[in-house]
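Chains Z, W, L and R, in that order, are what the protein sequence lines are.
Going by UniProt numbering, the first sequence opens with residue 1, and the numbers climb by one from there.
Going by UniProt numbering, the second sequence opens with residue 1, and the numbers climb by one from there.
Going by UniProt numbering, the third sequence opens with residue 1, and the numbers climb by one from there.
Going by UniProt numbering, the fourth sequence opens with residue 1, and the numbers climb by one from there.
There are 4 protein chains.
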Amino acid sequence: MIFELSERTKDYQKRLIEFMERYIYPNEKLYEEQLNEYDRFSEVPLIIEDLKKKAKSQGLWNLFLTDRKYGAGLTNLEYAFLCEIMGRSSIAPEVFNCSAPDTGNMEVLVQYGTEEQKEKWLKPLLNGEIRSCFSMTEPDVASSDATNIRASIVRDGDEYVINGTKWWSSGAADPRCKIAIVMGKTDPTGPKYKQQSMILVPLDTPGVTIKRVLTVFGYDHAPHGHAEIEFRNVRVPASNILLGEGRGFEIAQGRLGPGRIHHCMRSIGAAERALEILCTRVQERETFGKKLADQGVIQEWIANSRIEIEQARLLTLKAAHMMDTVGNKEARAEIAMIKVVAPNVALKVLDRAIQTLGAAGVSQDYPLAAMFANIRTLRIADGPDEVHKRTVARLELKKYAELEKVRR
Amino acid sequence: MIFELSERTKDYQKRLIEFMERYIYPNEKLYEEQLNEYDRFSEVPLIIEDLKKKAKSQGLWNLFLTDRKYGAGLTNLEYAFLCEIMGRSSIAPEVFNCSAPDTGNMEVLVQYGTEEQKEKWLKPLLNGEIRSCFSMTEPDVASSDATNIRASIVRDGDEYVINGTKWWSSGAADPRCKIAIVMGKTDPTGPKYKQQSMILVPLDTPGVTIKRVLTVFGYDHAPHGHAEIEFRNVRVPASNILLGEGRGFEIAQGRLGPGRIHHCMRSIGAAERALEILCTRVQERETFGKKLADQGVIQEWIANSRIEIEQARLLTLKAAHMMDTVGNKEARAEIAMIKVVAPNVALKVLDRAIQTLGAAGVSQDYPLAAMFANIRTLRIADGPDEVHKRTVARLELKKYAELEKVRR
Amino acid sequence: MIFELSERTKDYQKRLIEFMERYIYPNEKLYEEQLNEYDRFSEVPLIIEDLKKKAKSQGLWNLFLTDRKYGAGLTNLEYAFLCEIMGRSSIAPEVFNCSAPDTGNMEVLVQYGTEEQKEKWLKPLLNGEIRSCFSMTEPDVASSDATNIRASIVRDGDEYVINGTKWWSSGAADPRCKIAIVMGKTDPTGPKYKQQSMILVPLDTPGVTIKRVLTVFGYDHAPHGHAEIEFRNVRVPASNILLGEGRGFEIAQGRLGPGRIHHCMRSIGAAERALEILCTRVQERETFGKKLADQGVIQEWIANSRIEIEQARLLTLKAAHMMDTVGNKEARAEIAMIKVVAPNVALKVLDRAIQTLGAAGVSQDYPLAAMFANIRTLRIADGPDEVHKRTVARLELKKYAELEKVRR
Amino acid sequence: MIFELSERTKDYQKRLIEFMERYIYPNEKLYEEQLNEYDRFSEVPLIIEDLKKKAKSQGLWNLFLTDRKYGAGLTNLEYAFLCEIMGRSSIAPEVFNCSAPDTGNMEVLVQYGTEEQKEKWLKPLLNGEIRSCFSMTEPDVASSDATNIRASIVRDGDEYVINGTKWWSSGAADPRCKIAIVMGKTDPTGPKYKQQSMILVPLDTPGVTIKRVLTVFGYDHAPHGHAEIEFRNVRVPASNILLGEGRGFEIAQGRLGPGRIHHCMRSIGAAERALEILCTRVQERETFGKKLADQGVIQEWIANSRIEIEQARLLTLKAAHMMDTVGNKEARAEIAMIKVVAPNVALKVLDRAIQTLGAAGVSQDYPLAAMFANIRTLRIADGPDEVHKRTVARLELKKYAELEKVRR
């Protein structure tokens with residue numbers, strides 16, 4: 001690699017790979033089985049808590065947190081390499097306490113939380129004792145433009161009263177999920193980017209109702225679950241507000257950067273896993289008197305996959321490196337680019353792997369279809385591809401507008 | 001349209017569209033709800049039997065059968081127009097007794113069945129009293145090359161003994177499914193295309209075990225279900241053989257033609273539904289101060305979708321027309337082409353609709369994700385895209401090889 | 001084919017194919033050689049006039065004209081089949097007096113010309129004695145939006161005075177080119193679609209200067225030539241106006257329909273020629289111990305090409321048929337679609353053929369690169385792809401807007 | 001950038017950019033004009049020799065040579081950044097004595113030439129006094145598999161006798177071209193990769209005939225010119241052999257690595273220029289009442305272009321860095337990947353820029369069409385895309401074959 005890794009990162013890398021080989025891959029099927037033993041949302045598969053304990057004891061825990069006080073203190077670039085490895089299995093991120101949306105929520109609490117908020121919610125999250133959700137998207141508006149969001153957060157004495165319906169509150173169906181970060185309007189008539197705030201809402205607060213769980217393609221993603229939640233006259237202490245009224249957009253921006261690197265690197269990890277499955281399979285099967293591996297079209301798929309993965313990874317690493325060195329703002333074109341590139345590349349590789357495996361590929365026998373469904377949502381979540389491309393285009397056009405000004 | 005439809009077909013078309021509007025679309029949700037009331041595979045949603053009765057009483061029944069004695073006696077071209085309409089809802093084909101794999105199995109029985117076989121299996125299938133499955137694909141070999149199939153069918157006195165494991169026997173999990181057409185080798189050392197036979201195996205025969213149901217992306221496709229079936233020393237009367245030993249490939253060929261038209265036209269129907277959903281939605285939603293319908297990228301998607309659908313439909317109609325006029329053999333290039341084109345076009349349109357709807361698009365709130373998963377399997381079933389392209393290429397190359405011969 | 005051809009069309013088809021084989025293909029190289037004997041724009045290759053005489057004597061002449069009085073009186077659909085054949089060679093259309101822009105200009109004169117205009121310009125054009133050009137596009141504005149065009153046509157007594165600069169006046173450099181149809185504003189402040197008029201301007205009128213010839217990729221397209229023409233106080237009799245002041249858009253609309261069918265069918269003819277070259281070549285050459293024809297990726301290209309060509313042809317034929325039966329206005333979505341589809345398909349097939357032939361493909365040894373350059377301009381001329389897609393999208397959206405109205 | 005550039009490279013970079021702005025871009029048109037003053041192949045535009053003198057005097061000369069004794073001694077990675085800048089204008093590389101095929105030929109002479117060979121040919125090449133060509137490809141065989149090459153090089157006493165026909169000997173038509181490196185078989189029956197040798201052949205040797213110049217999409221690429229050369233009983237001293245008999249493949253391998261980086265970085269430079277032209281133009285033009293820059297589809301093109309360029313550049317830089325650090329052999333997958341990626345990306349960006357500019361884009365008024373034609377050949381030269389993808393696929397498959405071995 002062109003990026004020289006620190007010894008510490010290399011050590012984490014080595015240990016993570018070993019952990020995956022030894023504990024993660026062999027337990028993927030068991031996880032599914034345990035999930036099906038009960039109603040899929042009432043119990044958490046035991047194996048996951050076992051594995052969490054093991055990972056924690058080995059120090060493979062909270063690696064995502066760049067803040068040394070609370071986490072591993074790795075740079076975004078360093079963690080990127082580790083995050084890719086975790087992305088190879090859908091059960092892995094949680095095992096290392098590095099799964100969304102908890103990661104983003106913990107980052108928010110570290111960065112913007114009061115000491116009281118940290119004590120109450122960050123601590124158990126860091127310990128992997130509870131889980132959390134992020135309630136932003138709403139069913140009735142095009143949330144890809146976040147100014148459309150219209151849940152209300154109204155101050156009433158020492159409390160805030162929350163009303164609105166959110167959906168795609170991922171993780172909210174998990175019995176361990178205790179807290180939501182909710183976005184809504186505190187000042188509907190204020191300046192466009194100052195109307196929204198974020199507030200902490202314990203899920204057991206009266207008026208909070210989980211209406212149903214949304215499916216992703218056919219997956220219910222139990223026990224996690226993407227929930228539709230109704231907030232009806234929900235009252236929380238005023239101290240639950242994050243950072244202050246009207247700071248919702250600011251927090252949303254800060255929250256997004258690292259999360260995008262994570263999503264992208266996990267997508268790349270998934271793509272690598274798919275390519276491994278594809279390459280292994282084609283060396284075993286024959287059609288029309290010829291190994292699949294020797295067929296030109298298959299080789300074309302393999303080459304295209306390798307070429308696309310390499311490029312997506314390099315761009316993501318560059319974005320991570322820029323975040324570490326020049327900051328999120330300078331890196332916003334790159335962050336927008338990878339948000340488009342990485343999931344799309346992963347989907348292409350997954351699709352080729354599915355096609356190569358045939359019917360097995362769409363089934364539960366391989367992780368491919370589940371990964372496809374999961375990553376397909378990334379082209380939509382946190383802004384659809386089209387919004388990010390618009391950002392890239394505008395930044396690009398600006399360069400030449402300025403260039404023209406200079407030249408004339 | 002460039003194809004002049006007969007008055008009779010136009011009448012069917014009109015009545016089908018009305019039936020869809022009045023009974024099918026409004027009941028899609030109810031179907032899902034009824035399915036979730038019990039274990040998804042033990043009971044069939046009541047609504048489906050209601051709707052079947054209604055369709056049957058209106059003569060919208062067995063329209064697919066080109067044989068006038070048993071069905072509507074429409075040409076493939078005529079039925080193609082009707083089949084597209086049914087493809088707009090995943091619950092529709094069954095309502096009109098026009099759903100796979102029953103359609104293909106009924107065609108086989110009409111064409112190759114003895115009077116006894118017809119009486120016993122075709123009749124209840126035509127009446128919609130039972131359902132059937134087709135057991136060809138095997139988990140352990142690359143079935144895209146059907147010569148790889150290795151279940152054994154061994155004559156033993158007045159009986160055949162069947163051994164092997166099949167999967168993707170779609171519909172086998174349905175409590176109404178009573179009969180399987182099984183493909184296997186009667187003569188493993190014979191000439192390559194004479195080794196395989198097809199035989200009728202009642203599902204309640206001792207030794208037949210449904211091992212599990214495969215998922216498609218996350219969908220279990222209950223109550224239909226894609227089953228893995230074990231056949232262990234299964235004995236059936238020798239008279240259950242279809243057409244005779246070694247005729248398996250011949251039947252498989254004959255079975256495929258019309259089925260491909262059906263799959264393709266239904267895919268086109270699904271694409272039309274997706275485009276309708278997309279076009280309706282974008283006229284309702286706004287982002288960044290602008291209706292989605294007015295955004296250039298959305299318009300590009302709509303135009304590309306319309307262009308691709310039109311072309312795919314025309315090619316499919318041409319293939320159907322050729323089947324009706326010059327026969328399956330002459331039409332084999334066209335049949336291979338549409339098998340590639342139609343599902344791929346539908347997937348593209350569905351993907352655009354999903355992207356336009358955002359998170360709603362991948363969920364149970366719209367039929368898009370389910371259609372996507374379903375149609376994704378068509379790029380694999382009955383031979384993957386790549387096998388069909390190979391067929392097209394070889395037929396094309398042959399033209400010029402012959403041309404060269406003539407010219408020299 | 002699904003379209004039953006009339007005996008008359010079949011006869012033309014047969015004779016055209018023979019003419020191509022016997023006279024056109026064998027003379028393509030000679031044409032190039034004769035062109036290089038002199039300054040490429042001062043002399044017309046003799047062979048072309050020879051071939052024109054031959055074609056005319058065989059009645060293969062003016063086949064494009066649907067008007068029986070002046071031409072063959074074939075329907076657009078019938079001529080489409082013939083036009084495809086001509087498209088297989090870049091020298092063919094002129095030989096049959098069926099080449100742009102003369103065809104469009106003759107159609108305009110037939111439809112909108114006065115008897116005097118017909119006598120003076122249509123007659124020699126029909127006889128192949130002179131050639132013509134169409135001066136619409138301007139260098140200084142985005143002409144893809146024709147309302148931007150700003151040449152002025154000002155009435156002054158019995159004359160009109162024309163001022164402006166046009167470019168891409170194709171054919172104007174040909175020594176035989178005598179007449180231009182010029183579009184410009186007669187009423188710059190009138191209603192948007194009534195400002196423009198069309199007028200006949202003999203190229204030898206004082207004030208008309210051919211400034212230079214534009215190249216298409218590296219081709220000068222001699223002796224035809226895409227000219228930049230300056231019109232400076234050019235005076236022509238008032239009777240030279242076509243149809244009347246403010247009718248420019250109306251004529252432009254009427255002119256475009258058949259021309260698009262022609263361009264599209266010729267593109268498909270070019271694609272067929274490319275596919276023939278590809279398929280012939282791969283049966284002759286070997287790499288890595290294997291015939292190119294046996295390599296999977298080559299087969300994929302062949303299959304994709306065949307599939308794309310078939311679909312593009314069907315859609316173009318449908319558009320032609322609609323023009324013949326329900327008229328240009330009803331067919332405007334289809335006409336917009338084929339304008340996008342056919343050139344893009346041809347470019348893809350040509351690109352694959354070039355890639356297959358290697359360096360030979362980009363050179364003068366094969367017609368591929370020249371066809372590519374030529375057809376590449378069709379994605380721009382008469383409105384870029386994007387404008388046509390916009391049209392398709394708007395018509396599509398309108399359907400559902402109306403549907404919604406009805407349903408509510 | 002994630003790659004820290006040395007101060008020396010940054011200085012070169014700055015000076016090169018200034019030189020381009022000041023001397024190269026403003027003289028592109030003049031170059032074309034001077035070329036057209038005479039027969040395009042008999043005289044070299046005077047401006048080019050002026051600019052060469054200027055560049056040489058500023059030390060912007062032979063920057064490509066990693067060997068410090070003869071050139072700038074930059075690493076491949078360092079030069080990559082400079083090479084991209086030169087790629088922005090088709091006249092630039094020659095100005096800095098960094099143009100193909102001279103660069104590759106100089107590298108060969110530096111690495112494998114005898115002192116005598118260096119004195120005679122390397123020296124004037126380094127001084128920019130003469131030019132050279134590389135004669136490998138043959139018209140009658142598929143040269144993408146170099147073992148097919150069949151020109152003969154036969155030892156006869158103190159001489160070698162060369163017979164064969166080569167084409168695409170680029171640069172051979174230039175009046176300054178004095179020397180060819182010719183590849184051919186010295187041992188037609190030897191082991192496959194030992195049959196070929198390379199030999200120096202002065203172009204004025206009796207028996208060497210330039211038969212004609214091949215065009216690239218209409219461009220003759222004067223005065224450079226892609227020549228077809230006949231070698232008929234051409235006799236050169238035995239000392240003209242390079243490295244020794246049977247070493248042809250070895251030299252070809254060594255020659256290719258840096259050349260690929262150059263081609264790729266120049267392609268990226270061309271893509272950047274195209275994107276600049278596009279972005280500038282769309283801020284100036286309007287259609288349908290809206291700036292092109294504000295249209296969604298245009299923004300999509302800009303974003304896709306930026307995203308693709310970024311990724312292609314990173315991968316090329318990685319490949320260059322690997323060549324510098326772990327060597328060409330270890331980098332062969334990456335070198336194969338960029339050979340596919342960079343030209344394809346550049347073609348896509350160029351095509352979008354052409355489409356955006358409309359007819360101007362395909363003409364001589366902008367460098368776009370010429371760049372497109374030029375870069376299109378890179379998908380063929382030095383092995384077509386398909387051969388490189390095959391290499392990538394095989395290396396990938398090998399990883400997993402080994403992995404499997406280890407795991408079992």
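Note that beta-carbon positions come from the ideal geometry of N, C-alpha and C, so glycine has one too.
All figures in this text were calculated on a predicted structure; none of them were measured in a lab.
Applying the criterion that 16 or more other CB atoms from any shown protein chain within 10 Å of the CB defines a buried residue, is residue i buried or exposed?
i: L:T186; result: buried
i: Z:P258; result: buried
i: Z:Q111; result: exposed
i: W:G79; result: Checking the sequence, you will find Tyr at residue 79 of chain W rather than Gly. Classification of W:Y79: buried, given that the 10 Å Cβ count is 16 or more.
i: L:K123; result: exposed
i: L:N36; result: exposed
i: L:I181; result: buried
i: W:R155; result: exposed
i: W:F64; result: buried
i: Z:A238; result: exposed
i: residue 453 of chain R; result: Past the boundaries of the shown model lies residue 453 of chain R; chain R is included only from 1 to 408, so the question cannot be answered.
i: W:R306; result: buried
i: Z:Q253; result: exposed
i: L:M1; result: Unreliable placement is indicated for L:M1, whose pLDDT of 43 sits below 50; no coordinate value is reported for it.
State the start and end residues of the unbroken beta strand (DSSP E) segment that holds residue i.
i: W:D156; result: S152 to D156
i: R:A227; result: H226 to P237
i: R:P202; result: Q196 to P202
Let me make sure I understand the geometry here. Which of the options has the alpha-carbon closest to that of residue i?
i: L:Y12; options: L:A303, L:E43, L:A72 and L:L35; result: L:A72
i: R:A151; options: R:N233, R:K10 and R:L278; result: R:N233
Could you give the first and the last residue of the continuous alpha helix (DSSP H) run that contains residue i?
i: W:L51; result: L46 to S57
i: W:V297; result: G296 to T325
i: R:F249; result: G248 to V282
Taking only heavy atoms of the ligand GDP into account, decide whether any of them is closer than 7 Å to the Cβ of residue i.
i: Z:D187; result: Ligands in the displayed structure: none, and consequently the ligand GDP is not present.
Which partner residues does residue i have in the DSSP bridge list?
i: W:Y219; result: W:V216
i: Z:T287; result: Z:K290
i: R:K103; result: In the sequence as presented, Lys is not what sits at residue 103 of chain R; that position holds Thr. Partner(s): none; R:T103 has no beta bridge.
i: W:V208; result: W:F231
Original post:
In chain order, which alpha helix (DSSP H) runs of at least 4 residues are fully inside the segment 105 to 191 of chain Z?
Top reply: 123 to 126
Subject >> Within the segment 3 to 85 of chain L, ranges of the alpha helix (DSSP H) (whole runs, at least 4 residues) >> reply: 7 to 19, 28 to 37 and 46 to 57
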